[in-house]
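Peer 1:
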Amino acid sequence: MSLAEKVRQAGVVGAGGGGFPTHVKLAAQADTVIANGAECEPLLHKDAAVMEHHAKELIRGMELAMEAVGAKDGVIGVKAKKKGAVAAVQAACEGSRVRVQLLGDYYPAGDEYDLVYTVTGRLIPPAGIPLNVGVVVCNVETLANVAAAQDGRPVTHKTITLAGAVNTPSTVTVPVGMSFREAIEATGGFATPDPVYMIGGLMMGQVSEDLDAPVTKTATGVVVLPRSHRIIERRLKPATVQNAIGKSACDQCRYCTEYCPRFLLGYQVEPHQVMRSLAFTETGKDFWNQWAALCCSCGLCTLYGCPEELYPKEACDQAKAEMREAGQKWTGPQEVKPHPMRDGRRVPIKTLARRLHVEDYEAPAPLRPEPLQAGRVTLPLKQHAGAPNEPLVKAGDRVEAGQPLGRVPEKALGAVVHAPFAGRVLGVNHSVILERI
Ligand code: SF4
Ligand code: SF4
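If you want the working numbering, it's the position in the sequence shown, counting the first as 1, plus 83.
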């Protein structure tokens, strides 16, 4: 059986937040595989922990992926400041075809366009993917999961960081489907009486008031903040309010654009132009939306660039959704030329953390050696890009550890969800609820 097929059966998806089914990438041809260990979200450290503690599995996954796609180069991108991770991967690389590339401590070094350019000097064509320039990019934990899949072990656990207003910032491995609340309580509890989550991080994560939200295969961690924190206040404002403020207060200063990493890399992303569309109704909509098409939703314009604390990233997200709905594709120029100020305008993570008012939450969050145990898990049937699983189980069924709980509809893109432990199915709706026996 091919590696891609084993990886498909094991339900491996992008573990850095992307959720794209990995078997599709492994069925392609490329000359370079990059392991993305850049991990730029302030306060999250799960990729560093994976590299430090599972370096051998990562290198093995890399070599398997390189063989599958026919690549001669394998590069692990890791920030130089993550010293434990760097030492571990450098040691594990010895005698292999994989090398380590040290990255600077700026945001967003892990953006695929940025990483591919930094590592290979190649610029992905506008609206393209790394494969267009002969590169496959996978998160470091994804590649460790590829090695497990080769041995027939499906994805049943996830490594995440619990950070922010928690008593013991930690990185933990948990069964997929365990609630964030249970994981936080098992490691020391909340350090605020009214917590709100930023699942996936402060910059690109999702705000959530549901403390029982389950850990999925794409979760990188959670930053807990008090409800009164500025970021939470801003993120909880409804889109209509965000738009109304933007409409009246944007003075077109362009700071959002001047700090945009995609703009600085040479792509036509200009959030200040997208902000202008808020002041129009239909006039200009098609045109202005194009300026958002290549935005990677890194959040830098909203949370760092804009001195008025407006929402250019959210305006871009809205514009991209409108474009998708209208079937509009990118029609701008194909030429890409990095901005001469790109290096000088990079945003260091320390400066970013200060701007976000989270410096007081900075903590090492070391990996706990043993995985946490859960008595009950909620496993969403869609935790990945593509179609949800069609359930293969019903309430009352008994399942074994590692058993598939659903299947991907025929000809659809997707990834199978597996049981993290032997248990009894309590219910099935958009998720499978499983209790340990
Ligand atoms: S930085 Fe803020 S005020 Fe300036 S153009 Fe962008 S959204 Fe408008
Ligand atoms: S979120 Fe803002 S800064 Fe980031 S790529 Fe999009 S427009 Fe640029």
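No residue lacks a Cβ here, since even glycine has one placed at the ideal position from N, Cα and C.
Which residue's Cα is closest to the Cα of L377: R359, Q401, V133 and L393?
Peer 2: Nearest of R359, Q401, V133 and L393 to L377, Cα basis: Q401.
Peer 1: Would the segment 447 to 464 and the segment 254 to 262 be scored as touching if the rule is three or more Cβ pairs under 8 angstroms?
Peer 2: Verdict: yes, contact present.
Peer 1: For the alpha helix (DSSP H) holding M406, just list the boundary residues, first then last.
Peer 2: M406 -> alpha helix (DSSP H) spans P395 to E408.
Peer 1: Assuming K536 and L308 are in contact, meaning their beta carbons sit under 8 angstroms apart, how far apart are those beta carbons, in whole angstroms?
Peer 2: The chain is shown only over 84 to 520; residue 536 falls outside these bounds and no answer can be derived.
Peer 1: Can you tell me the Cβ-Cβ gap for G415 and Q351, rounded? I've got them flagged as a contact below 8 angstroms.
Peer 2: 5 angstroms between Cβ atoms; contact.
Peer 1: Within 8 angstroms of any Cβ in chain B, is that where the Cβ of L517 sits?
Peer 2: Here there is only one protein chain, and chain B is not present.
Peer 1: Please classify G283 as buried or exposed, where buried requires at least 16 other C-beta atoms within 10 Å of its C-beta.
Peer 2: Answer is buried; the Cβ neighbour count reaches 16.
Peer 1: Count the C-beta pairs between the segment 448 to 457 and the segment 195 to 206 that are closer than 8 angstroms, then say yes if the count reaches three, no if not.
Peer 2: Contact between the segment 448 to 457 and the segment 195 to 206 is absent, because fewer than three Cβ pairs lie under 8 angstroms.
Peer 1: Return the residue from the list V508, P449 and L496 that minimises the CA-CA distance to V474.
Peer 2: A small correction: the amino acid at residue 474 is Pro; Val does not occupy that position in the sequence shown. With distances taken between Cα atoms, P474 lies closest to V508.
Peer 1: In three-state terms, what does DSSP make of Q417?
Peer 2: DSSP places Q417 in coil when its eight states are reduced to three.
Peer 1: Please determine whether the Cβ atom of D334 lies at a distance below 7 angstroms from any heavy atom of ligand 3.
Peer 2: Ligand 3 is not among the ligands present in this structure, which contains only ligand 1 and ligand 2.
Peer 1: Pairing CB atoms from the segment 424 to 441 with CB atoms from the segment 229 to 241, are three or more of them under 8 angstroms?
Peer 2: As far as the Cβ criterion goes, the segment 424 to 441 does not touch the segment 229 to 241, which means the pair count is below three.
Peer 1: By the three-class DSSP mapping on this structure, what secondary structure does F263 have?
Peer 2: In the structure shown, F263 sits in a helix (DSSP, three-state: H, G or I).
Peer 1: For E292, I'd like the list of residues in its chain whose CB is within less than 6 angstroms of its CB, leaving aside the five on either flank, ordered along the chain.
Peer 2: If we look at E292 and ignore the five residues flanking it on each side, its Cβ neighbours are V279.
Peer 1: Should I432 be labelled buried (16 or more other beta-carbon atoms within 10 Å of its own) or exposed?
Peer 2: Result: buried.
Peer 1: Who are the Cβ neighbours of P449 in its own chain at under 6 angstroms, not counting the five residues just before and after it?
Peer 2: So no residue of the chain qualifies.
Peer 1: Determine the contact status of W374 and E392, defining contact as a CB-CB distance below 8 angstroms.
Peer 2: No, they are not a contact pair.
Peer 1: Is the Cβ-Cβ distance between P344 and D197 less than 8 angstroms?
Peer 2: Yes, the Cβ-Cβ distance between P344 and D197 is below 8 angstroms.
Peer 1: For C336, count neighbouring C-beta atoms within 10 Å of its own C-beta (all shown protein chains included) and say buried if the count is 16 or more, exposed if not.
Peer 2: Counting Cβ neighbours within 10 Å, C336 comes out exposed, since fewer than 16 surround it.
Peer 1: Smallest Cα separation from A67: which of L109, A170, Q112 and G157?
Peer 2: Given that the chain is displayed from residue 84 to residue 520, the structure contains no residue 67 and the question cannot be resolved.
Peer 1: Grab me the residues of T251's own chain with a C-beta within less than 7 angstroms of its C-beta, minus the 5 sequence neighbours each way, in chain order.
Peer 2: So the list reads T270 and G271, once near-sequence residues are dropped.
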